[in-house]
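Have a look at the structure below before the remarks.
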Amino acid sequence: MSNNKAFAADASRKERIKEWVSRPGGFGIITGSLMFAAITLVGFIYPLVGPYAADEFVGESLEGPSLSHPMGLDQLGRDVMTRVFSAVPADIGIAFLGVTIPLTIGTVVGILLGISKNKYVVSTVSSLIDGINAFPLLIIAIAMVTFLGPGLFNVVIILTLMSWARYARIARTKAVVVLQQNYIEAAKLMGYSKRRVISKHVAPNVSSESLAYALSDFILVIIIVSGLSFLGFAARPPMPEWGSMIADGRTFLGQAWWLTVFPGLAICWSAISLSFIVEGLSRRDRGNS
Amino acid sequence: MNLLEAFDVSVTFKAFGYEVQAVKNVDFVLPQGKVVGIVGESGSGKSTFARVLSGLQEPTGGYVTYLGAPIQDGKEIYKGELRKAVQMVFQDPYSSLNPRMRIINAVAEAVRVHQNPNKAEAQQIALDLLKRMGISEIDAFKYPSSLSGGQRQRASVARALSVQPKILIADEPTSAIDQSAQSQLLELFSELIMDGLSIVLVSHDLGVIRYLTDNVYVMQNGEFVETGSSSKIFENPSNAYTQKLIASIPSSGKK
Amino acid sequence: MSNALVQIDSLCIDVKVTRTRRLTIVNSATFDVQPGQLLGLIGESGSGKTMLCRSLVGTLHRRGAYINSGSLTFNGIDLVNASPKEWRDIRGKEIGYIPQSALAGPNPVMTIGAQMAEAIQLGEKMDKGVVRKRAIELLEIVQIRRPEIVLKQYPYELSGGMKQRVMIACAIAREPKLIVADEPTTGLDVTVQAEIMQLLKQIRKNLNTSIILVSHDLPLINEVCDDIVIMHAGSTVEKIPSAKIQDTRHPYTEALYRSRIDLVEPRGKLVTINGQPPTVGDWPTGCRFAGRCDYAKPGCSADVEIPSIKIGPNHLTSCIRQAEIWGK
């Protein structure tokens with residue numbers, strides 16, 4: 001049980017916040033969240049208010065960083081900074097979809113599987129889930145791209161098809177545990193409808209675990225999206241996207257380092273900020289046990 | 290008048306080709322306004338039987354009646370309004386409450402579903418109920434992880450009482466909590482009994498059984514080996530196993 | 545008191561919670577254990593009794609805890625500053641440990657025989673025949689029937705009571721001078737509990753081992769032990785011979801005694817102790833029981849040092865007001 005002052009009736013809001021922060025992990029969660037919020041907000045706002053457009057030719061090609069172009073210009077004379085920030089909807093946005101859609105589908109399937117009494121359904125679907133989980137994500141993604149063709153939305157489809165099984169596995173395991181708890185039996189004793197028990201008692205407890213995993217997965221997916229684009233399988237020119245920007249800048253690495261470094265930093269920044277949040281949350285869990 | 294009656298109840302579990310009979314052809318009676326104890330050691334089948342009485346476990350043989358009518362109708366046990374009449378409190382205070390729900394909401398939910406859908410009024414009813422159980426308003430808005438084991442048990446009792454049951458089945462309610470919390474919980478039960486609640490108390494703690502119950506059933510290996518009034522069982526047990534149990538209780542002055 | 549086997553004085557144990565935060569689990573524990581004494585240690589959760597046991601077995605560091613101040617002597621050896629090597633010579637050989645039945649117990653992947661061999665040898669190489677003979681001898685002492693068969697069994701094949709007897713056999717394997725039994729019968733059936741208590745009393749008699757029996761069950765401790773040490777909120781508040789428990793000189797002990805359910809008439813008025821035990825580390829100044837005490841006066845919560853008052857040859861209390869409440 002933690003600091004009592006925060007639970008006293010007269011604890012001010014400020015005191016409660018201070019207590020929340022001082023618990024283990026608080027620093028990491030806040031830093032990470034701020035960092036992530038920063039890049040996401042800038043990514044969505046800057047292209048609207050910035051002086052240039054992402055595909056506008058504004059100057060000499062391969063001009064180095066300067067006051068008017070803090071991240072330099074690329075080989076076609078486009079402003080790198082604008083392109084880096086314009087890539088946010090692609091990288092972070094697509095990654096977001098590539099996590100939330102499998103998360104939702106997988107968690108629903110997992111819960112239904114945990115509830116199901118039909119042995120055949122459970123074992124068939126479980127085998128399917130295990131089968132899908134057996135394949136390495138990036139490699140299958142590349143293979144599927146040759147089927148579906150390149151493109152960011154195809155990437156979302158591929159990720160959904162491959163990832164839902166991971167979430168389903170997590171959700172099902174947790175659902176089985178939750179269903180054995182006394183509070184679920186108590187809910188049945190209270191005469192609650194099956195729908196209420198599932199939505200208000202089972203789902204919240206199962207999804208807390210799925211959500212925790214989703215946050216870590218987010219980092220992975222950002223890197224996968226960039227990776228696929230780097231290989232040429234996802235974003236197509238002239239769409240700004242960090243991975244493809246790095247790929248394009250490869251040939252100019254010696255002369256124009258800013259073409260690869262800044263998109264690379266953007267990837268790092270996103271991944272690191274999320275890692276801070278994940279680490280902070282796990283420290284908090286450990287600290288509280 | 291008998292509230293609950295069990296006739297020739299058996300429960301057999303099947304797993305991996307093995308069959309285990311946890312409860313063997315057992316008869317049981319809960320008279321109105323009385324507290325009946327089921328005492329036995331671990332593995333005796335008392336928890337399984339308690340779950341049959343509360344409707345969580347379907348018996349493989351025999352049947353249970355409430356006010357004379359069988360509780361099981363086809364596949365459903367305690368259908369409809371009947372479900373509220375018999376409630377249960379479990380042994381483990383840590384899994385008895387939804388960790389993601391504030392205590393007040395856990396109790397108010399039952400009120401909203403069965404009594405009064407108005408959120409504010411239901412919350413007030415829940416608050417009053419929790420206060421009666423000795424849980425302050427501040428504590429009522431906390432999550433279960435912020436409360437002690439004893440408080441959680443009392444919150445579970447509040448939740449059970451929110452549907453105004455006639456019978457409370459308590460499965461080892463004091464086994465997992467501190468000494469002082471035990472006394473508080475037992476005092477609470479005494480008050481509820483005076484208000485007219487009938488209780489089935491399952492426990493391996495003979496002290497608790499002696500303190501709270503009117504009648505006692507002694508269970509061993511799925512069968513009731515002795516039954517009678519609580520005073521008779523404790524002062525003059527006739528069955529050898531019962532005698533062994535009574536003799537094992539530590540008592541002051543005996544070295 | 546000078547030939548005490550164990551001497552604990554103002555022992556203070558802290559725990560490292562985070563890199564910067566420290567929590568005091570045991571604030572001031574003082575008592576001694578004589579050779580061959582069966583001492584009961586009673587307290588609710590948060591009283592610090594488990595940490596105290598760990599300090600006697602040298603496993604504090606496993607929980608990130610350490611002794612901050614005070615002294616802890618066993619047979620003349622200073623245990624506060626003992627090196628890991630010194631602990632290896634003491635743990636198991638001089639001080640035995642019986643864990644809580646529900647929590648620990650025999651290693652599920654080893655046969656009973658293998659575990660007993662470990663406990664008997666404690667790292668030293670011994671002849672296999674000698675070890676086996678000793679194992680059977682020990683199992684017979686703890687009244688396990690057909691020990692030759694049990695040696696080959698795995699823990700899952702044994703009942704809770706039998707597993708606990710095996711743990712006791714392991715604890716006495718090297719005939720230690722002191723055994724620390726941390727709630728050995730919690731979770732076991734009452735008949736099994738009675739048998740294990742009998743066993744412990746026999747071991748004490750035959751081997752002249754001192755036993756510290758930790759429990760939250762006052763009637764049990766009262767019946768089995770010679771003397772009782774009561775802990776509350778991290779300190780020892782009273783040490784009293786169990787025969788004299790009714791002449792207690794501390795309100796907490798009195799409250800514990802009076803709230804015993806076996807002394808009350810059925811459905812009679814139960815004496816309850818007000819409030820909750822204080823949260824670990826978040827202790828008030830002065831006497832930590834004052835907030836729940838029926839006899840408390842404002843002076844009890846003042847920032848004073850809690851004394852250790854000697855009432856009789858074997859009776860110590862730390863109630864500041866004891867003389868006023870119970871007379872000289």
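Chains as they are written, first to last, in the working numbering: chain A, 1 to 289; chain E, 290 to 544; chain F, 545 to 872. Glycine is no exception: its CB is placed at the ideal position from the N, C-alpha and C atoms. On a predicted model such as this, the values are computed, not experimentally measured, just so you know.
{"Item": "Nearest-angstrom Cα separation, counted from K749 (chain F) out to N766 (chain F)", "Value": "18 angstroms"}
{"Item": "Beta-carbon proximity list for I101 (chain A), same chain, < 6 angstroms, skipping 5 on both sides", "Value": "T160"}
{"Item": "I184 (chain A) - DSSP class collapsed to helix/strand/coil", "Value": "helix"}
{"Item": "Length of the line joining the Cα atoms of V550 (chain F) and G587 (chain F)", "Value": "20 angstroms"}
{"Item": "Expected contact under 8 angstroms - CB spacing of L259 (chain A) and D248 (chain A) to nearest Å", "Value": "7 angstroms"}
{"Item": "Span separating the alpha-carbon of A546 (chain E) from that of D381 (chain E)", "Value": "For chain E, the structure presents residues 290 to 544; residue 546 (chain E) sits outside this window and is missing."}
{"Item": "Cutoff 8 angstroms: H403 (chain E) Cβ touching any chain F Cβ", "Value": "no"}
{"Item": "The stretch 483–502 of chain E: positions lying closer than 9 angstroms to chain F by Cβ", "Value": "M483, H493, D494, L495, G496, V497, R499, Y500, L501, T502"}
{"Item": "From F:A573, F:C556, F:Y610, residue whose alpha carbon lies closest to that of L860 (chain F)", "Value": "F:A573"}
{"Item": "Boundaries of the beta strand (DSSP E) in which L490 (chain E) is found, first to last residue", "Value": "487–492"}
{"Item": "Euclidean distance between Cα positions of N4 (chain A) and I869 (chain F)", "Value": "Legend: pLDDT at N4 (chain A) = 42, less than 50; position of this residue unreliable, no value from coordinates given."}
{"Item": "Nearest-angstrom beta carbon gap, V675 (chain F) and Q665 (chain F) [assumed within contact, 8 angstroms]", "Value": "6 angstroms"}
{"Item": "Straight-line Cα distance separating D362 (chain E) from F302 (chain E)", "Value": "22 angstroms"}
{"Item": "Close-in-space but distant-in-sequence residues of the same chain around P851 (chain F) (CB under 8 angstroms, 5 per side omitted)", "Value": "S862, I864"}
{"Item": "Chain-ordered residues of the stretch 193–211 of chain A with a beta carbon less than 9 angstroms from chain E", "Value": "S193, R196, K200, H201, P204, N205, S208"}
{"Item": "Euclidean distance between Cα positions of K841 (chain F) and D847 (chain F)", "Value": "13 angstroms"}
{"Item": "Simplified DSSP state of N291 (chain E), which is helix, strand or coil", "Value": "strand"}
{"Item": "Secondary structure of D558 (chain F), DSSP reduced to three states", "Value": "strand"}
{"Item": "Any C-beta of chain A under 8 angstroms from that of Q361 (chain E)", "Value": "no"}
{"Item": "Minimum C-alpha distance to I634 (chain F) - residue among F:I656, F:N619, F:A548, F:T816", "Value": "F:N619"}
{"Item": "Burial state of L34 (chain A), where buried means 16 or more other Cβ atoms lie within 10 Å", "Value": "exposed"}
{"Item": "Within chain E, partners of S803 (chain F) - CB distance below 8 angstroms", "Value": "Q468, S469, S472"}
{"Item": "Enclosing alpha helix (DSSP H) for F85 (chain A) [first to last residue]", "Value": "80–86"}
{"Item": "Cα-Cα separation, K543 (chain E) to M741 (chain F)", "Value": "Caution applies to K543 (chain E), whose pLDDT of 38 falls short of 50 and renders its modelled position unreliable; the model cannot decide the point."}
{"Item": "8 angstroms CB neighbourhood of P47 (chain A) in its chain, flanking five on each side removed", "Value": "A53, A54, T82, F85, S86"}
{"Item": "Where A358 (chain E) falls: helix, strand or coil (DSSP)", "Value": "strand"}
{"Item": "Same chain, Cβ closer than 8 angstroms to L743 (chain F), five either side skipped, listed in chain order", "Value": "V686, Q687, R709, I712"}
{"Item": "Host alpha helix (DSSP H) of Q742 (chain F) (start-end)", "Value": "734–751"}
{"Item": "The stretch 371–389 of chain E / the stretch 313–332 of chain E touching (three or more Cβ pairs under 8 angstroms)", "Value": "no"}
{"Item": "I853 (chain F) to L501 (chain E) span [Cα, whole Å]", "Value": "39 angstroms"}
{"Item": "G843 (chain F) beta carbon less than 8 angstroms from that of G819 (chain F)", "Value": "no"}
{"Item": "Under 8 angstroms between C-beta atoms of S469 (chain E) and I817 (chain F)", "Value": "yes"}
{"Item": "C-alpha gap between A548 (chain F) and T617 (chain F), whole angstroms", "Value": "9 angstroms"}
{"Item": "Contact set for T349 (chain E): own chain, Cβ-Cβ below 6 angstroms, skip 5 residues either direction", "Value": "S299, V300, T301"}
{"Item": "Rounded C-alpha distance that separates P237 (chain A) from V156 (chain A)", "Value": "18 angstroms"}
{"Item": "Buried versus exposed call for G64 (chain A) [16 or more other C-beta atoms within 10 Å across all chains shown]", "Value": "exposed"}
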